[in-house]
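Student: Under this note's numbering, residue 214 is the last one in the sequence shown; the count climbs by one each step, no gaps.
Before anything else, here's the structure in question.
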Amino acid sequence: MNLDQQVYELLREMIFRYELIPGQKLLYQDLADRLEVSRTPVKNALNFLEKDGLVKLLPNKGFYVAELSIEEAEELFSLRLILETEAVKLAARKCTDSDYAELLEIQKRYENAIEQELNRGRFLIDRDFHLQIAMMSGNKALYKHLKQVIEIVFLKHRIEGLSKKRGHEVRKEHRSILEHIKNKDETGAVQSLTYHIQRHRENVESIL
């Protein structure tokens, strides 16, 4: 991995960890100092991130961490619903004891996290819950595309303004999905998942 790629990965990780916040202006020298590299690999990495849609370049203003728009959110959540309803249907059909145990363990981590102060870590656990369902579907292409959609939404919206009670609602919604998967109830799993995604969409769009 060359230096440009290393810096790209580090900057992407900083966005993941909310060290770089959606809407924040990105200064070459500041990032170079933080990563202990020259400005050139920073510039190159930002160009790569722009192609990914994670940063945007404004004429005569420079680079900023990209923010989610209402229009983009609508498109991404519509796509997510298509992908994930298929994933949860297949997961319910194919679920093994070990698959269910892994999903339940992620849910326990999420329930512990909602008792803590809101941070990006909770959303990483939520992502893991949904990607485990996609993994259980056995469809590698579906998993790949769903991961990309979830992470774009995750990386491009702020956590400020999100309802504190939403975490407890998500806990109940996840439990409903878990129960239907455990019982191999494909219809119930799709219905619970659909409701959950729609509520998540409403919550995100309410703060945009």
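Ideal Cβ placement from N, Cα and C applies to all residues, glycine included.
Can K62 and F54 be called in contact, C-beta distance under 9 Å?
Tutor: No, the pair does not count as a contact, with Cβ atoms beyond the cut-off.
Student: Alpha carbons only, please: which of F83, Y116, T102, K170 is nearest the one belonging to R207?
Tutor: Cα-wise, what sits closest to R207 is F83.
Student: Could you compute how far the alpha carbon of R45 sits from the alpha carbon of L9?
Tutor: Approximately 12 Å, taken between the alpha carbons.
Student: By the 10 Å Cβ neighbour count, where 16 or more other Cβ atoms means buried, how is N107 classified, buried or exposed?
Tutor: In the sequence under discussion, the amino acid at residue 107 is Ala, which differs from the Asn named in the question. Exposed is the call here.
Student: For T91, I'd like the list of residues in its chain whose CB is within less than 7 Å of its CB, leaving aside the five on either flank, ordered along the chain.
Tutor: Cβ neighbours of T91 beyond the five flanking positions: V196, L199, T200.
Student: Could you compute how far the alpha carbon of K190 sits from the alpha carbon of A119?
Tutor: For K190 and A119, the distance between alpha carbons rounds to 27 Å.
Student: Under DSSP, the beta strand (DSSP E) around V61 begins and ends at which residues?
Tutor: Here the beta strand (DSSP E) through V61 covers 61 to 64.
Student: Leaving aside the five residues before and after K49 along the sequence, list all residues of the same chain whose C-beta is less than 7 Å from its C-beta, in chain order.
Tutor: For K49, where only same-chain residues beyond five positions count, the Cβ hits under 7 Å are Y34.
Student: Helix, strand or coil: how does DSSP classify V13 here?
Tutor: If DSSP states are grouped into helix, strand and coil, V13 belongs with the helices.
Student: From what residue to what residue does the beta strand (DSSP E) around Y70 run?
Tutor: Run containing Y70: 68 to 71, per the beta strand (DSSP E) assignment.
Student: Quick check on this structure: which residue in H163, H174, H151 has the alpha carbon closest to the alpha carbon of L214?
Tutor: For L214, the nearest C-alpha among the options comes from H163.
Student: In the DSSP assignment, what residue or residues form a beta bridge with K31?
Tutor: Y70.
Student: Under 9 Å, Cβ to Cβ, is there at least one residue of chain C near E90?
Tutor: No chain C is present in this structure, which holds just one protein chain.
Student: Taking the C-alpha atoms as reference points, what is the distance between K188 and S143?
Tutor: Cα to Cα, K188 sits roughly 14 Å from S143.
Student: State the Cα-Cα distance for the pair R23 and G127, rounded to the nearest angstrom.
Tutor: Straight-line Cα distance between these residues: approximately 8 Å.
Student: Hey, could you find the ends of the alpha helix (DSSP H) T46 is sitting in?
Tutor: Per DSSP, T46 belongs to the alpha helix (DSSP H) from 45 to 58.
Student: With DSSP run on the structure shown, which of helix, strand or coil describes Y24?
Tutor: In the structure shown, Y24 sits in coil (DSSP, three-state: anything other than H, G, I, E or B).
Student: Give every residue of the same chain whose Cβ lies closer than 7 Å to the Cβ of A38, excluding the five residues on either side of it in the sequence, and list them in chain order.
Tutor: Cβ neighbours of A38 beyond the five flanking positions: S44, R45, V48.
Student: With distances taken from CA atoms, which of V155, E25, G29 is nearest E80?
Tutor: The option with the nearest alpha carbon to E80 is V155.
Student: Any idea if D36 is buried or exposed, counting beta-carbon neighbours within 10 angstroms, 16 or more meaning buried?
Tutor: Result: exposed.
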